[in-house]
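For the sequence shown, the positions run -14 to 261 when my numbering is used.
Right, one structure below, let's go through it.
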Amino acid sequence: MGKLGKRSTGVICGKKIRQAREQRGLSLTNLAERANISVSYLSEVENGRKSPSLQVVKQLAGALNLEPAALFVSGPRGRITPGDRIRLIRTEQNLTLAQVAGKAGIAASYLSEIERSRVSPAPATLKRIAEALDTDLVQILGPMAGLGVRLRQAREELGYSQAELAKRAAVSAGLVGQIERGEVQPSLLTLDNLAAALGVSPCYLIQEEDPATFYAHLSSGVRKLLEKPQVQAVLERLCSCTAEEIRFLLEFFNLYKQHHCPSSQTEANKPESAGN
């Protein structure tokens, strides 16, 4: 298996793959069969000795019922950038640069620059790209998207540069940039200083995301499954369970999956039949 084309689309985290596999009670052989790759190759990927192609990443994510982006390293050095996320989603939907750019009302060359992380588009542009991909900003910017987007929007509305805001809030311009990109989460003191400098409430910057944020790293099939009334009824009943009952159910699910891997794979590939 090769690298991710001429340019890596982020850094695959073997530990995340292993953790997701073990959480689902799958052996190396089970996951390798589901993803249609060899056991030895999967072992190399999990141990960080191999960098899989984008196609293999998609196969592994599908076998684990996760979005491909969930398998990448997070953090300033190896984090998956918004451009990487856009490329992953676009490729997964088999869309060309021209198709997405046309829907978003931007030039294909500009979208290409965004995907290569050579430019930093405005939140409004990212929103149009998300709409063109039939997704949301959380999928593109990651879990801390809301804070970064709101901080940047408030800053730009006042006409401040990152350096000007940093000076007013007594922080570094580099930190402001990292927060806006979702790379770091500010301390409460920093949050207070930023909010004061922008003339907004700290609550405005950290208000809760749309409920869909909770499902950000789940595959589209699983998200559709969770929307079913029957599944929601089960979740409502889980809310009334005690901690001991929840532990019992989790142990039961793990045991069931360990002994029924073939059948569980069949069901996982047919989410629309659940609850019937």
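Even for Gly, the Cβ is constructed at its ideal location relative to N, Cα and C.
- Query: Quick one: any contact between the stretch 96 to 112 and the stretch 68 to 76, if contact means 3 or more CB pairs under 8 Å?
  - Reply: Taking a contact to require three or more Cβ pairs closer than 8 Å, the stretch 96 to 112 and the stretch 68 to 76 qualify as touching.
- Where does Leu82 sit, in a helix, a strand or coil, going by DSSP? The answer is helix: DSSP assigns Leu82 an H, G or I state.
- Nearest residue (CA-CA) to Leu136, options Lys112, Leu122, Gly162 and Ala20: Nearest of Lys112, Leu122, Gly162 and Ala20 to Leu136, Cα basis: Gly162.
- For the stretch 74 to 94 against the stretch 14 to 32, are there 3 or more C-beta pairs whose distance is under 8 Å? Too few Cβ pairs lie closer than 8 Å, so no.
- Out of Leu51, Ile22, Leu49 and Ala48, state which residue places its alpha-carbon closest to the alpha-carbon of Pro37. Of the residues Leu51, Ile22, Leu49 and Ala48, the one whose Cα lies closest to the Cα of Pro37 is Ile22.
- Task: Please state whether DSSP places Leu51 in a helix, a strand or coil.
- Result: Reduced to three states, the DSSP call for Leu51 is strand.
- Message: Mapping the DSSP letters down to three states, classify Lys88 as helix, strand or coil.
- Response: It is helical.
- Message: Applying the 10 Å Cβ sphere with the 16-neighbour rule, what's the burial state of Gln124?
- Response: Looking at its Cβ environment, which holds 16 or more other Cβ atoms inside 10 Å, Gln124 is buried.
- Could you tell me whether the Cβ atoms of Leu223 and Val216 are closer together than 8 Å? Cβ atoms of Leu223 and Val216: not closer than 8 Å.
- Message: I'd like to know whether the C-beta atoms of Ala180 and Pro171 end up nearer to each other than 8 Å.
- Response: No, the pair does not count as a contact, with Cβ atoms beyond the cut-off.
- Spatial distance of Ile74 from Ser25 (CA atoms): Rounded to the nearest whole angstrom, the C-alpha separation of Ile74 and Ser25 is 28 Å.
- For the putative contact between Pro108 and Gln147, defined by C-beta atoms under 8 Å, what is the C-beta separation to the nearest angstrom? With 8 Å as the limit, Pro108 and Gln147 do not qualify as a contact, their Cβ atoms being about 14 Å apart.
- Message: At the level of alpha carbons, what is the spacing between Lys0 and Ser28?
- Response: Cα to Cα, Lys0 sits roughly 11 Å from Ser28.
- Message: Quick check on Pro214: buried or exposed, where buried means 16 or more other Cβ atoms within 10 Å of its Cβ?
- Response: The residue in question, Pro214, is exposed, as its Cβ has fewer than 16 Cβ neighbours within 10 Å.
- Item | Own chain, CB closer than 6 Å to Leu49, minus 5 neighbours either side, in chain order | Counting only Cβ-Cβ distances below 6 Å, and skipping sequence neighbours, we find Ala5.
- Query: Is the distance from the Cβ of Ala117 to the Cβ of Val85 below 8 Å?
  - Reply: Cβ distance < 8 Å, so Ala117 and Val85 count as in contact.
- Item | Given Ala115 as reference, the closest of Glu31, Gln78, Ser94 and Glu141 once Cα atoms are compared | With distances taken between Cα atoms, Ala115 lies closest to Gln78.
- Task: Tell me where the alpha helix (DSSP H) around Met(-1) begins and ends.
- Result: Per the sequence presented here, residue -1 reads as Gly, with Met not at that position. For Gly(-1), the enclosing alpha helix (DSSP H) starts and ends at Gly(-1) to Gln8.
- Message: Within a Cβ cutoff of 6 Å, which residues of the same chain sit near Arg153, ignoring the five residues on either side of it in sequence?
- Response: For Arg153, where only same-chain residues beyond five positions count, the Cβ hits under 6 Å are Ala182.
- Item | Cα-Cα separation, Val41 to Thr81 | Taking the straight line from one Cα to the other gives about 20 Å.
- Item | N-terminal and C-terminal residue of the alpha helix (DSSP H) that Pro108 is part of | Taken as a continuous stretch (DSSP letters only), the alpha helix (DSSP H) holding Pro108 covers Pro108 to Ala117.
- For Asp262, name the three-state secondary structure that DSSP assigns. Any answer about residue 262 is impossible in this case: the structure gives the chain only from -14 up to 261.
- So, helix, strand or coil for Phe199, using DSSP? For Phe199, the predicted structure reports a pLDDT of 46, less than 50, and the residue's modelled location is therefore unreliable. A value from the coordinates is still provided. Residue state, collapsed to three classes: helix.
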